[in-house]
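As structure tokens, the structure follows; a few thoughts come after it.
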Amino acid sequence: MKRVALILAFSLATALAKDDASKAGYRSEWDKPKTTKERLNDMVLRAAKSDNKDLIKEYIKHGGDLNIQDEKGYTPLIFAAYYGHASMVDILLSAGANPCTEDKRGNTALMGAIFKGNLKIAYRLIRSDCDVDQRNNSNQTALMYASLFDREELVEKLVEHGAEVEAIDNQGNTAIGLATKQGNLKMANLLEENKRVKDR
Numbered sequence: 122m123k124r125v126a127l128i129l130a131f132s133l134a135t136a137l138a139k140d141d142a143s144k145a146g147y148r149s150e151w152d153k154p155k156t157t158k159e160r161l162n163d164m165v166l167r168a169a170k171s172d173n174k175d176l177i178k179e180y181i182k183h184g185g186d187l188n189i190q191d192e193k194g195y196t197p198l199i200f201a202a203y204y205g206h207a208s209m210v211d212i213l214l215s216a217g218a219n220p221c222t223e224d225k226r227g228n229t230a231l232m233g234a235i236f237k238g239n240l241k242i243a244y245r246l247i248r249s250d251c252d253v254d255q256r257n258n259s260n261q262t263a264l265m266y267a268s269l270f271d272r273e274e275l276v277e278k279l280v281e282h283g284a285e286v287e288a289i290d291n292q293g294n295t296a297i298g299l300a301t302k303q304g305n306l307k308m309a310n311l312l313e314e315n316k317r318v319k320d321r
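The numbering of the sequence shown is the numbering used here, which starts it at 122 and goes up by one.
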């Protein structure tokens with residue numbers, strides 16, 4: 122019964138979305154009710170955030186766009202990575218979700234996973250086809266995030282995949298500089314060692 126309800130919900134949403142998108146006559150953007158497509162997007166994003174794999178699988182089965190974004194630029198994959206839903210991340214990636222998509226601040230699913238300390242997910246995303254030195258709006262990289270949030274386990278893996286230890290952000294900081302400023306000499310030394318290994 123649950124499966125049938127999901128199928129009906131997606132079928133109805135697909136049928137109505139085109140009609141809703143073209144309606145006008147509102148005095149401002151704030152007056153407009155959400156279209157069916159927007160409501161469907163909200164439902165899918167909430168499903169990724171709450172680890173509702175049944176709903177996501179039905180959405181995928183019906184050919185749903187896995188790279189939809191909310192007003193902050195968050196995608197289902199960014200939500201799943203941030204909230205630590207490893208199996209959801211695998212489902213989304215296997216179905217074609219783009220791991221390189223950035224939110225409004227330029228942050229990626231990998232950066233979110235590093236920030237939250239979701240290491241298994243971070244390892245999975247490092248293996249994706251994205252540029253390991255992809256920058257956010259502050260010109261920061263995933264390696265800088267690993268330095269900032271003391272994710273020692275990820276440093277070597279990022280460097281193995283080509284991360285630039287001496288990359289510089291908008292404030293003139295490198296990953297080593299960020300660790301040093303925080304008094305994290307262990308991290309700074311780890312980064313220095315990985316830099317030497319990479320330079321050999």
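We treat Cβ as the ideally placed atom computed from N, Cα and C, and that holds for glycine.
Quick caveat: nothing in here was measured; it's all calculated off a predicted structure.
Within the same chain, and ignoring the five residues on either side of residue 226 in sequence, the residues whose Cβ sits closer than 7 angstroms to its Cβ are 257 and 258. Between residue 245 and residue 276, the C-beta gap is not smaller than 8 angstroms, which leaves the two residues out of contact. Here residue 223 has 194, 229, 255 and 257 as same chain residues with Cβ atoms under 8 angstroms from its own Cβ, once five neighbours each way along the sequence are excluded. Annotation: the continuous alpha helix (DSSP H) that includes residue 263 extends over 263-269. In this structure residue 264 is not in contact with residue 247, their Cβ atoms being roughly 10 angstroms apart against a cut-off of 8 angstroms.
Distance from residue 205 to residue 237 at the Cβ level is roughly 6 angstroms; contact confirmed, criterion being Cβ atoms closer than 8 angstroms. Burial is judged here by how many other beta carbons sit within 10 angstroms of a residue's own beta carbon; residue 291 has fewer than 16 and is exposed.
Non-local beta-carbon contacts of residue 235 in its own chain, meaning distances under 7 angstroms to residues more than five positions away in sequence, involve 243, 263, 266, 267, 270, 272 and 275 in chain order.
Sixteen is the threshold: since fewer than 16 other Cβ atoms of the shown chains lie within 10 Å of the Cβ of residue 304, the residue is exposed. In the structure shown, residue 197 falls within a helical segment according to DSSP collapsed to helix, strand and coil.
If you draw a straight line from the Cα of residue 216 to the Cα of residue 207, it comes to about 14 angstroms. With fewer than 16 other Cβ atoms inside 10 Å of its own Cβ, residue 283 counts as exposed. In the three-state DSSP reduction, residue 156 falls in the coil class, being neither helix nor strand.
Straight through space, the alpha carbons of residue 172 and residue 279 are spaced by roughly 27 angstroms. In the DSSP assignment, residue 245 falls within the alpha helix (DSSP H) that extends over 240-247. In terms of Cβ geometry, residue 288 and residue 297 do not form a close pair [threshold 8 angstroms]. Annotation: the continuous alpha helix (DSSP H) that includes residue 230 extends over 230-237. Distance from the Cα of residue 260 is smallest, within the candidate group 320, 294, 306 and 157, for 294. Membership of residue 204 in any alpha helix (DSSP H) is not indicated, and neither H nor E is assigned to it by DSSP. Contact check for residue 199 against residue 165 fails: the beta carbons are separated by 8 angstroms or more.
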